[in-house]
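Chains as they are written, first to last, in my numbering: chain A, 1 to 308; chain B, 1001 to 1308.
We put the CB at the ideal spot given by N, CA and C, even for glycine.
Worksheet for the structure shown next.
Number of protein chains: 2
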Amino acid sequence: MGKLLIVGSVAFDAIETPFGKTGKILGGAAPFIGLAASQFKIESAIVSVVGEDFPQAYLDILADRDIDISGIEVVKGGKTFFWKGKYHNDLNSRDTLVTELNTMADFNPIVPDNFLDADVVMLGNLHPDIQMSVINQMKERPKLTILDTMNYWMDNAWTQLMEVVKKIDVITINDAEARQMTREYSLVRAAAKIQEMGPKYVVIKKGEHGALLFHDEHIFFAPALPLEEVFDPTGAGDTFAGGFSGYLTAAENISFESMKNAIIQGSNLASFCVEQFGTERMLKLQKHEVEARLMQFKELTQFNIELD
Amino acid sequence: MGKLLIVGSVAFDAIETPFGKTGKILGGAAPFIGLAASQFKIESAIVSVVGEDFPQAYLDILADRDIDISGIEVVKGGKTFFWKGKYHNDLNSRDTLVTELNTMADFNPIVPDNFLDADVVMLGNLHPDIQMSVINQMKERPKLTILDTMNYWMDNAWTQLMEVVKKIDVITINDAEARQMTREYSLVRAAAKIQEMGPKYVVIKKGEHGALLFHDEHIFFAPALPLEEVFDPTGAGDTFAGGFSGYLTAAENISFESMKNAIIQGSNLASFCVEQFGTERMLKLQKHEVEARLMQFKELTQFNIELD
């Protein structure tokens, strides 16, 4: 069984949308990645850090899904990373109201021994130095290393980010970030420039407008499933990354074809994530629901034109 | 051979983009629709109006492609509709610098006798009263009536627009207009409401983000082909409408399946239109180029996930 190593924040989120608000609930990139990846037949582990205030029940949620949580350090007397945000009416933008890094400020990731040979490493959005530390701990180069990052690190840790980018196989960023990273407006040109920086595969996320996969001259596009209602977009990008990396960990080989399927699987799982607050929907998700919606993705995009 | 009746503006356009600017060139909705539709084995006619200043060479361009131009009235002493616009750097928005309606202000459409039994009627973006006049002239209800419209008519001729909307089969509008028309942010809900207003098929154009087709519970999505460079977006929407309506005029039957192909054909032709100023690229377009790019559309969107 393939092994997936997930490095990312584990946090408290407090979310406000036009539909309601939550108190402190389970959040951070790693739980969303882990819950999505657990849909596939793989072994997975999370490397992260929390404070003593983090409920055992939240850790149990992850462990119950056979996610190895031995790499989640619990800092005695420490407080868990906390993010509070409020979405605007169209749910396409949000204001961050609170960011308390707490224990995350001194996060020193330690990869558990039995995941030093992971097949796939999913580096969630974190300081590039943390991501590099994990890359350097691996016994040998994994089959696939996937990087998520954001504009904040481009602004504040460009040199370190570029060092990490050289060592990875896949980068997932959004369209604005791809443009910022390359100063190219055309996503086709931006993806070509990013491939020159290191990663052979570039995934550009466009939120409600879907995701693009670039590799050499090849391009693949997966739409987001049109939904009657988006309830809470929090975690959609991480759920996408979890479906993507989870599928590829279970896949027999890494190719453009398997990447295409991984993009669809990621988009599919993300379409559930946004239906309820935080991880709520992902915790209840049933296999038959996932499969039914995959069929909807097929219907949404597949056609058969014959040329004369 | 199927007959397509095209009703729309024939105009002078003057365009400025970050890449350059033009003088007065061939523009208006109908030429773009007609040129795209002429890629298919159909008979077509344009109903429109121009002034005496309109060059015979421009009319010849259309006639050379077997488009019946007997329905284009040339008003003695009149001036042709003129539009001048300037695109912003990202090419996603533009400022209209000049709109001179001229002869278009009193346009009274007369459908040529031999097109009173057209199979498909493509109503380009015009005052709803003009669109209704054409609908009323038809001998019997066409197999398919397709309506293009815009926010301007929602603001200024809502009642008349709603009368037209009741009598058509397909509406093509952009996402902002679909939201304005229904006061629903979700495009899924907006499309459902629009179907209640009349049209069985709703096509929502999202520009560089592709197009959605809605019909009952079915949804189909076609992306826009990711391009290295968009040179001039003018006419892309009309070219889409031309490919869409042209394909369906040539198709043996009207079904969700043939609509899907029509959306792809429209998107495909639109991807050429934006490569040069105005109609330039469409005038040079070769069949083998169209087919090669259709293959790119397949590669871009087709995948094969097997469920276990």
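What number of angstroms, rounded off, separates the C-alpha of A/Lys21 from the C-alpha of A/Phe277?
Translated into positions along the first sequence, residue 21 of chain A becomes position 21. Translated into positions along the first sequence, residue 277 of chain A becomes position 277. Looking at the two C-alpha atoms, the distance is approximately 9 angstroms.
Which whole-angstrom value describes the C-beta separation of A/Leu5 and A/Met122, a residue pair presumed to lie in contact below a C-beta threshold of 8 angstroms?
For this step, residue 5 of chain A is matched to residue 5 along the first sequence. For this step, residue 122 of chain A is matched to residue 122 along the first sequence. With 8 angstroms as the limit, A/Leu5 and A/Met122 qualify as a contact, their Cβ atoms being about 7 angstroms apart.
Contact list for A/Val188 against chain B, beta-carbon separation under 7 angstroms:
Locating residue 188 of chain A in the first sequence gives position 188, counting from the first residue. What A/Val188 touches in chain B: Pro1226, Leu1227 and Glu1228.
Just the C-alpha distance for A/Asp155 and A/Gln180, rounded to the nearest angstrom, thanks.
As a working note, residue 155 of chain A is residue 155 in the first sequence. As a working note, residue 180 of chain A is residue 180 in the first sequence. Distance between the alpha carbons of A/Asp155 and A/Gln180: 9 angstroms.
Residues bridged to A/Ser44 [DSSP beta-bridge criterion]
Walking along the first sequence from the start, residue 44 of chain A turns up at place 44. Looking at the DSSP assignment, A/Ser44 forms a beta bridge with A/Leu4 and A/Ile67.
Please report whether the beta-carbon of A/Pro233 lies at a distance below 8 angstroms from any beta-carbon of chain B.
Position 233 of the first sequence, counted from the first residue, corresponds to residue 233 of chain A. Not an interface residue.
Answer with buried or exposed for A/Ile263, where buried requires no fewer than 16 other C-beta atoms within 10 angstroms of its C-beta.
For the purposes of this step, residue 263 of chain A is taken as the residue at position 263 of the first sequence. Burial call: buried.
Any beta-carbon of chain B closer than 8 angstroms to the one on A/Asp90?
To locate residue 90 of chain A, count along the first sequence from 1; it is residue 90. Yes, contact with chain B.
Please list, in chain order, all residues of the same chain as A/Ile135 whose beta carbon is under 6 angstroms from its beta carbon, the five residues on each side excluded.
The residue given as residue 135 of chain A occupies position 135 in the first sequence. Lys167.
Entirely within the segment 1180–1205 of chain B and at least 4 residues each: give me those alpha helix (DSSP H) ranges in chain order.
1187–1197
If you drop the 5 nearest sequence neighbours on each side, which residues of the same chain put their C-beta closer than 6 angstroms to that of A/Gly334?
Here chain A comprises residues numbered 1 to 308, so residue 334 of chain A is not present and cannot be evaluated.
Got a sec? Which residues, its chain only, sit under 7 angstroms from A/Tyr363 by beta carbon, not counting five neighbours each side?
No information on residue 363 of chain A is available, as it lies outside the stretch 1 to 308 that chain A covers here.
Continuous beta strand (DSSP E) stretch holding A/Lys287: start and end
Here residue 287 of chain A refers to the residue found at position 287 when the first sequence is read from its first residue. First-last for A/Lys287: Lys287 to Thr301, but that is the alpha helix (DSSP H), not the beta strand (DSSP E).
Can you tell me which of the three DSSP states A/Glu177 falls into?
Here the question's residue 177 of chain A lines up with position 177 in the first sequence. Helix at A/Glu177.
Since A/Ala36 contacts A/Lys24 with CB under 8 angstroms, what's their CB separation in whole angstroms?
Taking the first sequence and counting its residues from 1, one reaches residue 36 of chain A at position 36. Taking the first sequence and counting its residues from 1, one reaches residue 24 of chain A at position 24. Not quite, the Cβ-Cβ distance comes to about 22 angstroms (not below 8 angstroms), so this is no contact.
Contact set between B/Pro1223 and chain A, taken where Cβ atoms lie within less than 8 angstroms
Here residue 1223 of chain B corresponds to residue number 223 of the second sequence, with the count starting at 1. Chain A residues near B/Pro1223: Gly210, Phe221 and Pro223.
Kindly list the residues whose CB is nearer than 6 angstroms to the CB of B/Leu1225, restricted to its own chain and excluding five residues on each side of it in sequence; keep chain order.
By one-based count along the second sequence, residue 1225 of chain B stands at place 225. Ser1271.
Report the rounded CA-to-CA distance for B/Ile1072 versus B/Val1047, giving the unit in angstroms.
As a working note, residue 1072 of chain B is residue 72 in the second sequence. As a working note, residue 1047 of chain B is residue 47 in the second sequence. Looking at the two C-alpha atoms, the distance is approximately 5 angstroms.
Inspect the beta-carbon positions of A/Thr249 and A/Phe19 and report whether they are closer than 8 angstroms.
Against the first sequence, residue 249 of chain A aligns to sequence position 249. Against the first sequence, residue 19 of chain A aligns to sequence position 19. In this structure, A/Phe19 does not lie closer than 8 angstroms to A/Thr249 by Cβ.
Which residues in chain A sit within 9 angstroms of B/Ile1264, going by Cβ to Cβ distance?
Indexing the second sequence from 1 puts residue 1264 of chain B at position 264. By Cβ distance, chain A contributes Phe303 and Ile305.
Taking CB distances under 8 angstroms as the criterion, tell me whether A/Lys24 reaches chain B.
Residue mapping note: residue 24 of chain A aligns to position 24 of the first sequence, counting from 1. It does not: the Cβ of A/Lys24 has no partner Cβ on chain B nearer than 8 angstroms.
By the criterion of Cβ-Cβ separation under 9 angstroms, what are the contact partners of A/Tyr87 in chain B?
Locating residue 87 of chain A in the first sequence gives position 87, where the first residue counts as 1. Simply none; closest approach about 13 angstroms.
Give the range of the alpha helix (DSSP H) segment to which B/Leu1212 is assigned.
The count along the second sequence starts at 1 and reaches residue 1212 of chain B at position 212. No alpha helix (DSSP H) contains B/Leu1212, which is instead part of the beta strand (DSSP E) from Ala1211 to His1215.
Quick one: measure Cβ to Cβ for B/Ser1267 and B/Gly1210, integer angstroms, because I've assumed they're closer than 8 angstroms.
Here residue 1267 of chain B is taken as the residue at index 267 of the second sequence, counted from 1. Here residue 1210 of chain B is taken as the residue at index 210 of the second sequence, counted from 1. Contact flag correct, Cβ pair sits at about 7 angstroms.
If you check the beta carbons only, do B/Gln1265 and B/Gly1243 fall under 8 angstroms apart?
Against the second sequence, residue 1265 of chain B aligns to sequence position 265. Against the second sequence, residue 1243 of chain B aligns to sequence position 243. Taking 8 angstroms as the Cβ cut-off, B/Gln1265 and B/Gly1243 qualify as a contacting pair.
Other residues of its chain near B/Ser1070: CB distance less than 8 angstroms, five sequence neighbours each side excluded:
Reading the second sequence from its first residue, position 70 is the one you call residue 1070 of chain B. So the qualifying residues of the chain are Ala1045 and Pro1112.
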